[in-house]
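In my numbering, the protein residues as written are 144 to 444. Each remark here refers to the structure printed beneath this line.
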């Protein structure tokens, strides 16, 4: 190999390594973690990371939403691998500084808070496994501490489970986590279902339509073109898939951080995600990445 070719190869290798260099996380680093977070697949597409809030208190990050220039995160508290429920909390986070701007504790009936979506007009949707909550964000994070922040609550039954949630601008989207593709489903619901009388419940017959989803789906979000993105993850893998939402088939998938959960697009079309890998509950997983992270979708490979 000629000297010039060698120098070019070395330069390209250095450029590639630099592109994949980890981004120093913003926010409050958890005291229990030693060393830096791991380097996930497609690290070169990540240009910002933020420590998930209250990791030292045992909160496990779940749903993610963007609204009014801020990030919102849902989480439940557990440090036991065998316990998948606990008190639920919402966080409001500054995407520029990584600072936690506010906290709101959901009703005691909430046990997982796996999904979170911004409905516009200062309204959040929280999906717990068997319940949906409509939240007035200004009340939840206001000085009064949110005593009237929950403006609606409806139970879910049958195959309609709120493992995660999103909003396409017209319909609510609620997804069911499953290790089996036969039972992994996404349901589109009219926003008016949240106006049901107190004590009402919904099942799959309330859906406007339903689509199949990938196994291990953990989060969902719609991009500006109306295309549905799904996160799928576990202790040893993470994937971001853009779907054909007419049938739920994956048009394209990309590897990402293990334990990936909620997804959100910001006002500039950048994709945000969050991973639960390395939270206290999952501190013994091979991967450590309990971070909110921002990706450029065009740089995913």
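C-beta atoms are modelled at their ideal positions from N, C-alpha and C, and glycine is treated no differently. These numbers come from a predicted model, not from an experiment.
Any non-hydrogen atom of the ligand ADP within 7 Å of residue i CB
i, result
"residue 424", "The ligand ADP is absent from the structure shown, which contains no ligands of any kind."
Reduced DSSP secondary structure (H/G/I, E/B, other) of residue i
i, result
"residue 416", "strand"
"residue 444", "coil"
"residue 347", "helix"
"residue 269", "strand"
"residue 217", "strand"
"residue 337", "helix"
"residue 248", "strand"
"residue 198", "helix"
"residue 430", "coil"
"residue 167", "coil"
"residue 435", "strand"
Within 8 Å, strictly: CB atoms of residue i and residue j
i, j, result
"residue 194", "residue 433", "yes"
"residue 256", "residue 269", "yes"
"residue 421", "residue 205", "no"
"residue 322", "residue 358", "yes"
"residue 213", "residue 173", "no"
"residue 306", "residue 272", "yes"
"residue 366", "residue 330", "no"
"residue 291", "residue 281", "no"
"residue 180", "residue 348", "no"
"residue 419", "residue 345", "no"
"residue 303", "residue 314", "no"
"residue 245", "residue 231", "no"
C-beta neighbour in chain C for residue i, strict 8 Å
i, result
"residue 229", "No chain C is present in this structure, which holds just one protein chain."
Proximity to residue i [Cα-Cα], best of the options
i, options, result
"residue 183", "380, 411 and 393", "380"
"residue 261", "291, 286 and 217", "217"
"residue 339", "394, 167 and 298", "298"
"residue 202", "437, 444 and 423", "423"
"residue 312", "210, 167 and 415", "210"
"residue 278", "254, 248 and 302", "248"
"residue 354", "293, 343, 325 and 419", "325"
"residue 442", "258, 168, 187 and 177", "187"
"residue 234", "438, 208 and 411", "208"
- Message: Counting beta carbon pairs with one atom in the segment 392-410 and one in the segment 368-383, are three or more of them shorter than 8 Å?
- Response: By the Cβ rule, the segment 368-383 counts as touching the segment 392-410, because three or more pairs are nearer than 8 Å.
- What are the complete beta strand (DSSP E) segments, minimum 3 residues, inside the segment 273-311? Whole beta strand (DSSP E) segments, 3+ residues: 274-279, 293-299 and 307-310.
- Start-end ranges of the beta strand (DSSP E) lying completely within the segment 360-400, minimum 3 residues: 360-365, 371-376, 381-387 and 392-398, all fully within the segment 360-400.
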